[in-house]
Each structure stands twice: as structure tokens, then as C-alpha cells.
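Report on one structure; see the data block that follows.
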Amino acid sequence: MGKSSIRKFSYLDYDIEIIRQRRNLPAISKLEPRLGIEVRYGLKFDGQLTDWSDFVEATDDEPSANALVEKGLQRARALRKQERSLVVSPAA
């Protein structure tokens with residue numbers, strides 16, 4: 655199984671990285687191997703690996719990657735909103 659970084663970017667001062675892990679498709683039986691690979695994606699948010707998608711056949715992998723990108727963006731927005739709510743206004 656190999657892991658590789660496929661997307662890296664910053665959003666709202668948080669580093670987001672999408673990692674792809676690949677493996678061969680499991681055999682159906684000892685006499686019937688399967689050709690092809692499965693992939694899954696991991697979300698590395700601000701330096702910590704936080705989430706993994708399920709393994710899917712490589713032909714169906716783009717939605718899995720996009721879902722983790724969206725999860726990273728939502729997490730950054732939620733943390734930014736939380737930080738703002740903790741800041742007390744000087745007029746208060």
C-alpha cells in the first residue's frame with residue numbers, strides 16, 4: 655500500500671492536505687484474482703491526520719477526495735467562527 659499527497663493548500667490560516675492510499679483489489683477467491691486497485695483518501699488538517707474515506711475502486715475515487723476537501727473547508731470555517739465568538743468586543 656502506498657500513500658501519497660495529492661492536494662495541499664491553506665484556507666483561513668489552516669493547512670489542509672489530502673492523502674491518497676492505494677492497494678490492490680482483494681481477490682474474489684484463491685482461483686479468481688481481481689485486477690485493479692482500490693483507493694481511499696485521508697484528510698490531514700493542520701498537521702494531524704483526522705479522517706479517512708472508505709476504500710473504493712480507483713475509477714470511483716474523485717467523489718471521495720472531493721468530500722474530504724469539503725470536510726476540511728467546513729472544519730476551518732467552524733474553527734474560525736469559534737475563534738471569533740471567543741473574542742470579546744472592547745465595547746462590551
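In the working numbering, the protein residues as written are 655 to 746. All C-beta atoms, glycine included, are put in the ideal place defined by N, C-alpha and C.
Please return the same chain residues whose Cβ sits closer than 7 Å to the Cβ of residue i, not counting the five positions on each side in sequence.
i	result
Arg-729	Phe-699
Pro-687	Ala-681
Asn-678	Ile-691
Leu-703	Gly-696
Anyone know if the C-beta pair for residue i and residue j falls short of 8 Å?
i	j	result
Asp-669	Gly-696	no
Arg-734	Leu-685	no
Asp-705	Leu-722	yes
Based on the DSSP secondary-structure assignment, which residues constitute the bridge partners of residue i?
i	result
Ser-718	Its beta-bridge partners do not exist; DSSP assigns none.
Phe-699	Ile-670 and Gln-702
Quick test of your reading: residue i and residue j, contact by CB under 8 Å. State the CB separation rounded to the nearest angstrom.
i	j	result
Glu-671	Ser-659	6 Å
Excluding sequence positions up to five away, which residues of its chain have a Cβ less than 8 Å from the Cβ of residue i?
i	result
Lys-725	Leu-697 and Asp-705
Go ahead and label residue i buried or exposed: buried means 16 or more other beta carbons lie within 10 angstroms of its beta carbon, across all protein chains shown.
i	result
Ala-719	buried
Arg-694	buried
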